[in-house]
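First up is the structure itself, then whatever we jot down about it.
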Amino acid sequence: MIHPDTYVHNTTKGLGLFAKRRFERGEIIWIIDDIDAKLALPHYFALDALQQKKLNIYSYLDNQNRVIIPWDEGKYVNHSCAPNSTGLLEFDNISVALRTIEPDEEIVEDYSSYYGHFESFICYCGASSCRGFVTQNRPFQAELRLTLAEIAPALLSMPQTLLTIQSSENDLFLSTLQNVTFLAKS
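Using the UniProt record's numbering, the first residue of the sequence shown is number 1, and each one after it goes up by one.
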């Protein structure tokens, strides 16, 4: 589920997701919920080419080899080679702010930080670090993610609206977060 303090707006690349207010580093922007579609990878490959192409636009491959299709505006997060949001290394179905995101700033992620996406494309992000091309079927780049241990203090230092959503994946995340925090204090 996407954070309620976001909105969809036109960009030069189509629709994009924007911040209604300031988000601090470590604030959860998107988290998987029970309504998001989760398609096993073999089922994705059993679809015809047209169905796959439609899914490619708004889905990503997670670390459990599931194609995740967000049901809400979270699907409008665009790519940038200079992202302000990313997934966690251990929990890729949670996106957090990498840095402060200002009101009306577009929320963007580096698609190379995903375990998989299904299309190669020319990048027009305009960042000084722009690679010019994003490729499919390339190795996962773990260094583009945050680890739970490095972001746990920030996660725990502020209210996390999206952690109030009841789901088995959220329960596992909260349990792991509490264990990481406990181990860090020991």
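Backbone N, C-alpha and C define an ideal beta-carbon position, used for all residues, glycine too.
Helix, strand or coil for Ala97 per DSSP?
strand
Neighbourhood of Gln150 by C-beta, 7 Å cutoff - its chain only, sequence neighbours within 5 removed
The amino acid occupying residue 150 in the given sequence is Glu; Gln does not appear at that position. Here the set comprises nothing.
Taking the DSSP output, what are the residues bridged to Thr86?
Val96
Tyr111 (DSSP reduced to helix, strand or coil)
helix
Tell me the residue span of the beta strand (DSSP E) that contains Leu15.
Gly14 to Ala19
Since Pro70 contacts Asp48 with CB under 8 Å, what's their CB separation in whole angstroms?
About 22 Å separates the two Cβ atoms, so there is no contact after all.
Mind reading off the beta-carbon distance from Ala19 to Asp72? Whole number of angstroms is fine, and I expect it under 8 Å.
That pair is no contact at about 16 Å.
How big is the Cα-Cα spacing for Ile94 and Gly14?
24 Å
Using the C-alpha atoms, what's the distance from Leu50 back to Ile29?
31 Å
Which of the three DSSP states is assigned to Tyr60 in this structure?
strand
Just checking my contact of Asn56 with Glu119 at CB under 8 Å: how many whole Å lie between their CB atoms?
5 Å
By a C-beta neighbour count over all protein chains shown, 10 Å radius and 16 as the cutoff for buried, is Met1 buried or exposed?
buried
Taking three-plus beta-carbon pairs below 8 Å as touching, is the stretch 167–176 in contact with the stretch 81–97?
yes
Apart from the five residues on each side of it in sequence, which residues of its chain come closer than 7 Å, Cβ to Cβ, to Gln141?
Ser112 and Ser113
State the CB to CB distance for the pair Leu89 and Val67, rounded to an integer number of angstroms; the pair is presumed to be in contact (CB under 8 Å).
Contact doesn't hold; Cβ gap of about 20 Å is too wide.
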